[in-house]
Amino acid sequence: MQKPKRRRIVRSVISGVLTLATLWLVSVTAPAQSASETLHTLKEGAVPIFLLRLERGDLFSDDAISAPTALALSMQPLLLEGRREIVSAWSSELQQPPQAERDGEDDEGTVLSAPREPSEITVTENGVPSRTLKPSDPAGYTVFGNVYINNASSASLNTSQLSGDFAAELQDGGPQVLIIHTHGTEAYSMPAGEEYMPSDNHRTLESEKNMLRIGDEIAEALTAKGISVVHDRNLYDYPNYSGAYNRSLASIENYLAQYPSISFVLDVHRDAVEDATGNEYKLLCAEEPNAAQLEFVIGSNGGGLSHDKWRENVKLACAVQENLLEKYPTLMRPIVVRNSRYNQHMTTGSLLIEVGTAGNSLEEAIVAARIFAGGFAETIQE
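With the numbering used here, you'll find the sequence shown wraps up at 384, consecutive numbering, no jumps.
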C-alpha cells in the first residue's frame with residue numbers, strides 16, 4: 003500500500019516541477035518570435051540569470067515579466083499582436099542608464115545621465131538639440147575654488163594638492179606652446195550646404211572643417227597675444243585610429259627636443275555627447291550662446307604608467323578654468339581626471355581640451371576656441 007502512495011507523491015512532485023518549469027519557460031521566452039530566437043534567449047540570458055538568482059536565493063525578483071503576464075501575452079490575440087512592443091516598453095522602464103566609462107586612450111564620448119528639462123533643450127541652425135551642462139551639487143566632485151573636478155581615475159586627488167602656482171612657465175628664445183591633434187580628423191555637425199566629405203562618422207580629412215581648423219584659430223589668437231606657437235597639423239588618427247596617441251607622442255618628443263623652450267602642450271579634440279537612449283546633443287555656453295562648451299581632460303598615473311607630476315597639469319587646468327569662469331560661468335564643463343596619461347607626462351604644462359561635441363557646429367567651436375585662447379594666454383602670462 004505504501005509503494006503506490008509514494009509513487010503518487012513522486013508523480014505529484016514531478017508534475018509540479020514540470021509545471022513550474024513550463025511557466026518559467028513561457029515567462030522568459032515570451033518575446034521570442036521563433037524557435038531559434040527562443041533558443042538564443044535561453045542560452046544568452048535566461049539560464050545564466052536563473053542560475054545566478056538561484057545562487058543568491060533571489061528567484062522572485064520583479065525585474066522580469068511574470069508567468070501570468072507571459073501567459074496572457076501568449077493567449078490573447080490582441081496582446082499577442084503587440085507583445086514585442088509590450089516587452090520592449092517593460093524592459094525600457096526597468097533599464098538603468100549606462101555609466102560612461104572613458105578611460106581608454108582612444109575612446110571618446112560622454113553619456114548624459116541627468117534628466118532632460120524641456121526648458122534646457124533648443125534646436126539651433128544645424129538641427130542638433132542643445133544643452134548647457136553645469137554641476138549644481140558638489141557631491142562626487144573635488145571642488146577647488148569655483149572649479150569642479152571629476153576624478154574618474156584610481157589616483158588620489160584632494161584640494162591640498164592643488165594649492166600654489168602651477169609649475170609650467172613661459173620660456174624665451176623659441177616657441178613656447180605646441181598645439182597638436184591626436185585625433186585631428188574629428189569634426190562637427192555642419193548646417194545644410196556646408197557639409198564635408200566624411201572619412202568616418204563625424205570625421206573628415208578637410209583641414210578647414212576638422213580639428214586642424216580649431217588649432218589654427220587657437221594659434222592665431224595666442225600669437226596675437228605675443229605667445230610663440232608651433233601648430234602641428236599632421237593627422238595621427240588616419241588612416242588608422244588605433245595607436246594615435248603613440249604616434250602623436252613621438253612627435254611631441256621630437257618637438258621638445260628641437261625646441262626646449264616649449265613649456266605648454268595643447269592637445270585639441272572635440273567630444274561626443276549623447277543621452278542614455280543615443281540621442282546626440284550639442285553643448286552651448288549660456289553667457290555666449292554662439293560658443294560651444296569646453297572640457298579639460300587630465301591624465302594621471304592611475305593606470306600604472308609613470309606620471310608623477312600629473313597634478314601640476316590639474317593645477318594649470320584649474321587656473322585657466324578659474325580665469326575663464328569669471329566672464330563665462332558656464333563655458334567650462336567640470337575637469338575630468340582619468341587613468342590614461344594622454345601624453346601629458348612630457349611637460350607640466352599639458353592640457354587635453356575638448357572643444358564642443360560632435361553635435362556642435364564648426365562656428366560654435368571656433369567661438370569657444372577663441373575665448374579659450376584668450377583666457378589661456380592671460381593665465382600663463384600672469
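Glycine is no exception: its CB is placed at the ideal position from the N, C-alpha and C atoms.
ask   = Taking Cβ positions, are Ile254 and Met192 nearer each other than 9 Å?
value = Here residue 254 refers to the residue found at position 252 when the sequence shown is read from its first residue. Here residue 192 refers to the residue found at position 190 when the sequence shown is read from its first residue. Against a cut-off of 9 Å, the Cβ pair of Met192 and Ile254 comes out as no contact.
message = Here's a check: name, in chain order, each residue in its chain whose Cβ is nearer than 8 Å to the Cβ of Lys317, leaving out the five neighbours to either side.
response = For the purposes of this step, residue 317 is taken as the residue at position 315 of the sequence shown. Only Leu164, Gly166, Asp167, Phe168, Ala169 meet the Cβ criterion.
key: Where Ser132 falls: helix, strand or coil (DSSP)   = Along the sequence shown, read from residue 1 onward, the residue named residue 132 stands at position 130. Three-state result, Ser132: strand.
ask   = Mind checking Ala248: buried by the 16 CB within 10 Å criterion, or exposed?
value = Within the sequence shown, the letter at position 246 stands for residue 248. The sequence shown places Asn at residue 248, rather than the Ala named in the question. Classification for Asn248: exposed.
query = Of all the options Ala294, Tyr240, Leu135, which has the alpha carbon lying nearest to the alpha carbon of Ile216?
reply = To locate residue 216, count along the sequence shown from 1; it is residue 214. Here the closest residue by C-alpha is Ala294.
ask   = What's the C-alpha gap between Arg104 and Met334?
value = Reading the sequence shown from its first residue, position 102 is the one you call residue 104. Reading the sequence shown from its first residue, position 332 is the one you call residue 334. Its pLDDT being 36, under 50, Arg104 is placed unreliably by the model, and nothing is read from it.
inquiry  = Beta-carbon within less than 6 Å of Leu180's beta-carbon, same chain only, minus the 5 sequence neighbours each way: which residues are those?
reply    = On the sequence shown, position 178 is the one that residue 180 refers to. If we look at Leu180 and ignore the five residues flanking it on each side, its Cβ neighbours are Val232, Tyr257, Ile264, Val267.
key: Cα-Cα separation between Ile382 and Ala367, rounded to whole angstroms   = Taking the sequence shown and counting its residues from 1, the one referred to as residue 382 is at position 380. Taking the sequence shown and counting its residues from 1, the one referred to as residue 367 is at position 365. Those two C-alpha atoms are separated by around 22 Å.
message = Suppose you measure from the CA of Gly305 to the CA of Ser155; what does that come to, to the nearest Å?
response = Sequence index remark: in the sequence shown, residue 305 carries index 303 (1-based). Sequence index remark: in the sequence shown, residue 155 carries index 153 (1-based). Looking at the two C-alpha atoms, the distance is approximately 8 Å.
task = Provide the residue span of the beta strand (DSSP E) that contains Ser201, from first to last.
result = Here residue 201 is taken as the residue at index 199 of the sequence shown, counted from 1. Here the beta strand (DSSP E) through Ser201 covers 200-202.
request  = Starting from Leu253, follow the alpha helix (DSSP H) in both directions and report where the run begins and ends.
outcome  = If you number the sequence shown from 1, residue 253 lands on position 251. Per the sequence presented here, residue 253 reads as Ser, with Leu not at that position. Its alpha helix (DSSP H) spans residues 246-260.
query = How is His271 classed by DSSP in three states: helix, strand or coil?
reply = Looking up residue 271 in the sequence shown gives position 269. When secondary structure is reduced to three states using DSSP, His271 falls in the strand class.
inquiry  = Just to check my reading of the structure: Ala371 and Ile182 have Cβ atoms closer than 8 Å, yes? What is that Cβ distance to the nearest angstrom?
reply    = Here residue 371 refers to the residue found at position 369 when the sequence shown is read from its first residue. Here residue 182 refers to the residue found at position 180 when the sequence shown is read from its first residue. Wrong, their Cβ atoms sit about 15 Å apart, outside the cutoff.
inquiry  = Taking the alpha carbon of Thr332 as the reference point, which residue from Thr350, Leu307, Gln346, Glu297 has its own alpha carbon closest?
reply    = Along the sequence shown, read from residue 1 onward, the residue named residue 332 stands at position 330. For the residues Thr350, Leu307, Gln346, Glu297, the minimum Cα distance to Thr332 belongs to Glu297.
query = What do you get for Ser121, buried or exposed, if any count of 16 or more other CB atoms within 10 angstroms of its CB means buried?
reply = Within the sequence shown, numbered from 1, the residue matching residue 121 stands at position 119. Bear in mind that the predicted position of Ser121 carries a pLDDT of just 47, short of 50, making it unreliable; the figure below should be weighed with that in mind. The residue is exposed, with fewer than 16 neighbouring Cβ atoms inside 10 Å.
inquiry  = Give me, in chain order, the residues of the same chain whose beta-carbon lies closer than 7 Å to that of Ser201; leave out the 5 immediate sequence neighbours on both sides.
reply    = Taking the sequence shown and counting its residues from 1, one reaches residue 201 at position 199. Take Ser201, set aside five residues on each side of it, and the residues of its chain with a beta-carbon closer than 7 Å to its own are Thr187, Leu207, Tyr240, in chain order.
key: Sub-9 Å separation of Ile300 and Gln346 beta-carbons   = Sequence index remark: in the sequence shown, residue 300 carries index 298 (1-based). Sequence index remark: in the sequence shown, residue 346 carries index 344 (1-based). It is a contact, given that the beta carbons lie within the stated cut-off.
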